[in-house]
């Protein structure tokens, strides 16, 4: 006991000389972080390294792909961190496009002179899901790709389809484009695209029982209560450096449909003009609930690098997102992964996907607002997000702070 006690003293003298072998799994738990520093020395600052207070600086476009995923529970600061990245990325002439289900980016968009597009019944904004990109690449059938995309959209709208119904829908889509003079030949695809009403008329005119059933499932978008949302020609453009698609006013039933249509429209426009862009998909779990929209989001993330695009996927519903193979595939196709404060219910699932040690799990469970783990490639460190006072005013979503700023601004306005 005396030798054991003296061995524990800070004099670096081992009186016991008892040795044990450690396997690599046990050894790895003593090194929870693979790197004490994580910086690219170019790009934007994401936060402070919690280990040594060094800066975490990265240019996401210098990595193998520019995609990022952000997982955090509500109130952990995920939107705050993403808005800070948006603000700093715009200094590098990066074009930003956001799909915003909760109107969290409205203040930042207004302050930066961006364009906020409210997608709702009362809004004059319209997007035609039948639009073609008019970009023709060798070995790619643009019309065929669009029809595949429309198949996914109508599965979200109509629900599950039998093989016979899918075949009828495919035949109807081809016929709908053909009636407008549009065929797989590139020179025909500059014609005005069809509308949802044209597809509805084709299905009704097929005089088949299953075709009539398909027509009935989309009738409310053409003649019924949802008329005007997706049955008119597109009247928007992506000319602003910062564009926000606000879908807060839509019901939960319509949000997955709207998010899919907006994503498809954005993808169509991105292919026309090569620029450095970041696409932010907030509350992405809406899309992961449907296999077809999940597959579309995965395909977009996989092909984004080719068009100089980085896709940022944000979600607070970790279980819904990671329960599908597509969700896991999106994670593996993202060079930057950011985990912030997590709930006990989700931590084990995250631990398996990201191979987290027990120490890292405990860090995420006890993390404060704006704290978490930052992964870039094979390395990761603990991160603390910080903003300057001016940045904080633009990006905070804390109701108390927003109210205080409004009250402070009101007397100044009255004096003016």
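Numbering (our numbering), first residue to last: 11 to 426. Ideal Cβ placement from N, Cα and C applies to all residues, glycine included. If you're wondering where the values come from, they're calculated on a predicted model, not measured in any experiment.
query, result
"Through-space distance from residue 259 to residue 412, alpha-carbon basis", "21 Å"
"Candidates 144, 285 and 245, of which the one nearest residue 198 by Cα", "144"
"Per DSSP, the bridge partner or partners of residue 381", "394"
"Whole runs of the beta strand (DSSP E) within the stretch 293-335, excluding any shorter than 3 residues", "319-325"
"At least 3 beta-carbon pairs within less than 8 Å: the stretch 132-141 vs the stretch 284-296", "no"
"Anticipated Cβ contact below 8 Å, residue 304 with residue 334, distance rounded", "5 Å"
"Exposed unless 16 or more other CB atoms sit within 10 angstroms - verdict on residue 266", "buried"
"Sub-9 Å separation of residue 178 and residue 220 beta-carbons", "yes"
"Candidates 323, 420 and 345, of which the one nearest residue 74 by Cα", "345"
"Member of 329, 314, 375 and 252 whose CA lies at the smallest distance from the CA of residue 101", "252"
"Simplified DSSP state of residue 386, which is helix, strand or coil", "strand"
"Backbone secondary structure at residue 269 - three-state DSSP", "helix"
"Distance between beta carbons of residue 81 and residue 325, contact taken as under 8 Å", "6 Å"
"DSSP bridge partner residues for residue 59 (one or two, in chain order)", "393"
"Cross-strand partners of residue 96 (DSSP beta bridge)", "Partner(s): none; residue 96 has no beta bridge."
"Identity of the residues DSSP links to residue 228 by a beta bridge", "For residue 228, which the question treats as bridged, DSSP gives no partner whatsoever."
"Residue 94 and residue 377 closer than 9 Å at C-beta", "no"
"Extent of the continuous alpha helix (DSSP H) to which residue 197 belongs", "Here residue 197 belongs to no alpha helix (DSSP H), and DSSP marks it neither H nor E."
"Option nearest residue 34 by Cα separation, candidates 111, 367 and 196", "367"
"Start-to-end residues for the beta strand (DSSP E) that takes in residue 129", "No beta strand (DSSP E) holds residue 129; DSSP gives it neither H nor E."
"Contact check, residue 429 vs residue 88, beta carbons under 9 Å", "For the chain, the structure presents residues 11 to 426; residue 429 sits outside this window and is missing."
"Coil, strand or helix - residue 86 by DSSP", "coil"
"Under the three-state DSSP convention, the category residue 216 falls into", "coil"
"Closer than 9 Å to chain D by CB, residue 103", "Among the chains in the structure shown there is no chain D, since it carries only a single protein chain."
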